[in-house]
């Protein structure tokens, strides 16, 4: 090698190393723009260095510039097509861009190069979850954990899929494993709390949220979820305090405004509840549950036409919302439109055929319309679901006596 070229290469290597170190230091401190400047200087000296390109891409992602980050990984792979880590990282960027099928291809290429790459199995599963392919996602997490049983993220992510599938006991074991491996993972504590809430183990759920808030006092969602548990326990004042804390941290948390409204409604403070639902809908106008809850409050206030509009809005967003069909039916009864009300109950029952109250309500409406035979069948179906349901027993008895009268 030409001695002069050797010296130039040595100088370039030194410059690249110097700027790479500076960039990594800035990146660690969250000074992303400074880090980017350093990595660019390093790339001037070594334009094809995969390590520098990788850190440059990470910084671009932090600066919300995923397309530019993608270019970095494409450049790495052009020169190093057998680099499994680069395929994995390209997949991460494509997932960020919502290009899930392309991301999957990248993870598959990474795994073809290195079938023992636990991180790529984990990341492939994350994409499969986004695509609603939950069983395949679980298989990938199993693969990741066979390779590396100490991969806390895979335990956490597996638990998240199991929550979605309503397999709460299995999910709980995953979160406990994730916490065992990383006791400071506040996300795992939080999702463990959600799981315990779903299992109705409320006091233990509260302990989990307390742990989250010990690790991260500004976690608005943990305050919100803690409020939900207090609501379940009927501890409404404490529940309200939690929602208020969540909203101090994040005034744009629509879920907390909605949940605060639910508690105020439970306390009979309907006007205040209405204000909360309106706040929630300003932030997220497509939340079907908040429209439904707003309708419930308006019904309590006797504003039936306004309530009807809310239930209709909820059903436009989610036509399979059984509760909104039920309440639309109730309002139409209040507005003396039993035939229309009946259509709503039928819709609700199609979605929720095991609801004893819906069968009873449909029976009452049919009875009002003089359709006694059909009403009788509804009361019988209600009692088949719950033989001790007092309202249906009483209605059936009264209707039977009425039918037998001369």
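In full-length UniProt numbering, the protein residues as written are 1 to 406. Just so it is clear, CB atoms sit at the ideal spot from N, CA and C, and this is done for glycine as well. As the structure is a computational prediction, the values presented were derived from the model and not from experiment.
Going by C-alpha to C-alpha distance, which of the options sits closest to residue i?
i, options, result
"residue 381", "359, 31, 221", "359"
"residue 122", "97, 99, 161, 272", "161"
"residue 307", "199, 277, 98, 260", "277"
"residue 147", "192, 111, 80, 232", "111"
"residue 188", "311, 213, 199", "213"
"residue 229", "210, 216, 215", "210"
"residue 76", "98, 94, 49", "49"
"residue 269", "287, 109, 301", "301"
"residue 410", "388, 397, 389, 119", "The requested residue 410 does not occur in the structure, where the chain is confined to residues 1 to 406."
"residue 345", "327, 334, 233", "327"
"residue 373", "312, 259, 395, 388", "395"
"residue 133", "104, 115, 116", "104"
"residue 275", "115, 260, 347", "260"
Below 8 Å on the Cβ atoms is my guess for residue i versus residue j; work out the distance and round it to an integer in Å.
i, j, result
"residue 82", "residue 113", "6 Å"
"residue 168", "residue 195", "5 Å"
"residue 317", "residue 291", "7 Å"
"residue 184", "residue 215", "6 Å"
"residue 32", "residue 62", "5 Å"
How would you label residue i, buried or exposed, when you count the other beta carbons within 10 angstroms and need 16 or more for buried?
i, result
"residue 157", "buried"
"residue 66", "buried"
"residue 354", "exposed"
"residue 362", "buried"
"residue 384", "exposed"
"residue 282", "exposed"
"residue 399", "buried"
"residue 401", "exposed"
"residue 21", "exposed"
"residue 415", "No information on residue 415 is available, as it lies outside the stretch 1 to 406 that the chain covers here."
"residue 4", "Unreliable placement is indicated for residue 4, whose pLDDT of 42 sits below 50; the coordinate value is still reported in the next sentence. Exposed, because fewer than 16 other Cβ atoms sit within 10 Å of the Cβ of residue 4."
"residue 135", "exposed"
"residue 293", "buried"
"residue 30", "exposed"
"residue 131", "exposed"
"residue 245", "buried"
"residue 265", "buried"
One question on the structure: do residue i and residue j come within less than 8 Å of each other, judged by their Cβ atoms?
i, j, result
"residue 279", "residue 257", "yes"
"residue 72", "residue 57", "yes"
"residue 88", "residue 100", "no"
"residue 368", "residue 338", "yes"
"residue 386", "residue 356", "yes"
"residue 202", "residue 227", "no"
"residue 181", "residue 223", "no"
"residue 236", "residue 263", "yes"
"residue 322", "residue 298", "no"
"residue 192", "residue 179", "yes"
"residue 90", "residue 70", "yes"
"residue 247", "residue 253", "yes"
"residue 140", "residue 128", "yes"
"residue 170", "residue 190", "no"
"residue 120", "residue 137", "no"
"residue 340", "residue 349", "no"
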